[in-house]
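Undergrad: The number in this note's numbering is simply the position in the sequence shown, starting from 1, with 453 added.
Ideal Cβ positions, reconstructed from N, Cα and C, are used throughout, including at glycine.
These numbers were taken from a predicted model, which means no experiment stands behind them.
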Amino acid sequence: MDLDTTQMFQFGANRDDFIKNIVMEVYSALLEKGYNPISQMVGYILSGDPTYITGHKNARALVMKVERDEILEALVKYYVENN
């Protein structure tokens, strides 16, 4: 093992799709319950407090399957690639 070289780990397209599906399901659940999905998701990403996410449609459990930094990375990547 070479300890002088930084190793890179990439999840690949499957992980991106997994994160996208979770974000979209959580967004939909928040919208159905009458919340502002963007505000609620930003609150969760910034604070780590899962109570920002509704339990409706198991959204809270779903969003906690992904690390917050992974969600943020996916959102920034999507934004940059599509603008």
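1. Measuring CA to CA, which of 505, 476 and 535 is closest to residue 525?
2. I need the boundaries of the alpha helix (DSSP H) containing residue 503, first residue and last residue.
3. Less than 8 Å separating the beta-carbons of residue 501 and residue 521?
4. What first and last residue would you give for the alpha helix (DSSP H) that runs through residue 533?
5. Given this structure, state the Cα-to-Cα distance separating residue 472 from residue 487, to the nearest angstrom.
TA: Answer, in terms of the structure:
1. Of the listed residues, the one whose Cα sits closest to residue 525 is 476.
2. Going by DSSP, residue 503 is part of no alpha helix (DSSP H) at all; its letter is neither H nor E.
3. Note that the C-beta distance between residue 501 and residue 521 is below 8 Å.
4. For residue 533, the enclosing alpha helix (DSSP H) begins and ends at 521–534.
5. Cα to Cα, residue 472 sits roughly 23 Å from residue 487.
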